[in-house]
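J.:
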Amino acid sequence: MNKTIEINPSLFHVNGKNKTPKNKSIKNKPIINPNVLKHKFLKRIKQHKSDELKNQLNSGAATIKEPDKNEFEESIKYLQELSKETKKNNERSLKRDNLEKKTVKNYTPVFTPPSTNNHTDIRIDLPDELKEYTPTPILREPAPIVKPIVQTPASVKVHNQVLTDVPYGILKGGNKPTYRAWNTTHKNRPQDFKINNLFLNSTMIPPEITEREDKLNKLKNKIQEKHAAISNNNIKPAPDSNRMIKTTITKKYTLGKSKLKRKIGVLIKNRETRKNIIMAHRDLKHISMNDVRLYLNEHNLTKLGSKSPNDVLRKMYEAAKLTGDVSNLNNNILLHNITKSEHF
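Structure follows, in structure tokens:
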């Protein structure tokens with residue numbers, strides 16, 4: 001018996017593949033909650049009402065009403081009343097502005113000539129005959145139109161000076177050469193100098209010198225001569241390059257035991273031995289402090305565990321090395337170093 005097994009292919013699909021994607025609309029959430037805005041709005045209205053009540057109490061004409069249960073409706077009514085009042089005030093202000101903006105007719109003022117007579121003893125009180133007098137309108141002649149006097153400028157004679165003709169031009173290939181070409185040829189040509197006879201005559205005649213100017217010139221010459229003499233004395237003559245100068249250097253050596261310092265001077269004539277001593281002294285300065293302490297303890301120059309500074313120990317080491325293999329034979333230091341050597 002053969003049995004056919006039927007399998008639904010939809011069972012093998014992974015969940016979510018055949019599902020159509022839903023286009024969800026993103027809701028724009030408000031930045032501030034509307035309930036919060038409502039509460040703040042009510043607070044502002046209450047504060048405004050309380051300020052008005054305080055003003056009414058201060059003025060003396062206040063009628064306090066009992067608060068209703070529905071505060072929101074009352075606040076809306078209050079706002080409507082406020083808006084109406086503001087509209088009325090705005091309309092009034094607009095009317096005032098329109099009235100102010102209206103143009104006023106510009107009446108030409110009647111020209112009255114200035115009075116030249118200086119009146120003295122002017123009386124203000126009128127006589128009895130003129131008190132009940134009705135004035136009649138006085139018809140005045142129109143004021144004469146004053147025209148500004150236009151001053152005609154005085155005729156000025158302008159003398160146009162005609163300049164001399166320039167030997168160079170602007171156009172290439174013209175009658176005159178260009179400035180560049182003229183400048184190159186102008187250098188080679190000899191210039192004709194016209195000397196004015198008046199100028200020569202004026203230079204030939206010497207000007208008259210007063211006594212004061214003569215004295216001043218003499219003083220100037222004396223001061224210049226003094227400065228020249230001082231400068232000549234300060235300048236030393238340059239030495240000859242071929243000239244040999246001999247100098248004698250004297251060196252004094254204090255040999256033997258000195259009376260002032262605790263030193264003994266020894267003269268070493270050979271240069272090589274002197275150099276070797278200097279080099280050995282340099283090498284001693286580069287030795288470590290541990291080696292310095294060991295050397296001094298072995299030769300009983302210092303006690304074990306001494307707290308003397310490093311520069312003092314190094315000086316002792318250098319002096320001991322330069323003098324030779326020096327060792328201390330003091331019994332106290334020997335015993336101290338032997339007893340302490342067990343601990344170190």
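44 is the number that UniProt numbering gives to position 44 of the sequence shown; each next residue is one higher, with no gaps.
Don't be surprised by glycine CBs; every beta carbon is placed ideally from N, CA and C.
Within 10 angstroms of its Cβ, does residue 346 collect 16 or more other Cβ (buried), or is it exposed?
T.: It is not possible to answer for residue 346, since the shown part of the chain is limited to 1 through 344.
J.: In angstroms with no decimal places, state the Cα-to-Cα distance between residue 294 and residue 270.
T.: When rounded, the distance between both Cα atoms is 33 Å.
J.: Report the rounded CA-to-CA distance for residue 230 versus residue 242, giving the unit in angstroms.
T.: One C-alpha to the other measures close to 29 Å.
J.: Return the CA-CA distance between residue 68 and residue 75, expressed in angstroms with no decimal places.
T.: With a pLDDT of 49 at residue 68, under the threshold of 50, the modelled position of this residue cannot be trusted, and the question is left open.
J.: Are the beta-carbon atoms belonging to residue 257 and residue 264 less than 9 Å from one another?
T.: Against a cut-off of 9 Å, the Cβ pair of residue 264 and residue 257 comes out as a contact.
J.: Excluding the five sequence neighbours on either side, which residues of its own chain have a C-beta within less than 7 Å of the C-beta of residue 301, listed in chain order?
T.: 316, 320, 328.
J.: Excluding five sequence neighbours on each side, which residues of the same chain lie with their C-beta closer than 7 Å to the C-beta of residue 133?
T.: Confidence at residue 133 is low in this model, with a pLDDT of 48, below 50, so the placement of that residue is unreliable and no value is reported for it.
J.: Any idea what DSSP makes of residue 254, helix, strand or coil?
T.: Coil.
J.: Rounded to the nearest angstrom, how far is the Cβ of residue 296 from that of residue 313, given a contact under 8 Å?
T.: Right, their Cβ atoms sit about 6 Å apart.
J.: Would residue 305 pass as a contact of residue 259 if the rule is Cβ separation under 9 Å?
T.: Result no, Cβ atoms of residue 305 and residue 259 do not sit closer than 9 Å.
J.: If you draw a straight line from the alpha carbon of residue 280 to that of residue 249, how long is it in whole angstroms?
T.: Computed Cα separation, rounded: 28 Å.
J.: Pick out the complete alpha helix (DSSP H) segments inside the stretch 254-314, 4 residues or longer, and give them in chain order.
T.: Those alpha helix (DSSP H) runs which fall completely within the stretch 254-314 and span 4+ residues are 271-285, 289-298.
J.: Name the one or two DSSP bridge partners that residue 169 has.
T.: Answer by DSSP bridge pairing, in chain order: 178.
J.: Straight-line CA distance for residue 432 to residue 311?
T.: Given that the chain is displayed from residue 1 to residue 344, the structure contains no residue 432 and the question cannot be resolved.
J.: Give me the Cα-Cα distance between residue 44 and residue 87, rounded to the nearest whole angstrom.
T.: Near 21 Å, if we compare the C-alpha coordinates of residue 87 and residue 44.
J.: Give a yes or no on whether the C-beta atoms belonging to residue 303 and residue 333 are separated by under 9 Å.
T.: Yes.
J.: Which of the three DSSP states, helix, strand or coil, is assigned to residue 76?
T.: Reduced to three states, the DSSP call for residue 76 is helix.
J.: For residue 241, does the three-state DSSP call read helix, strand or coil?
T.: Here residue 241 sits in coil by DSSP.
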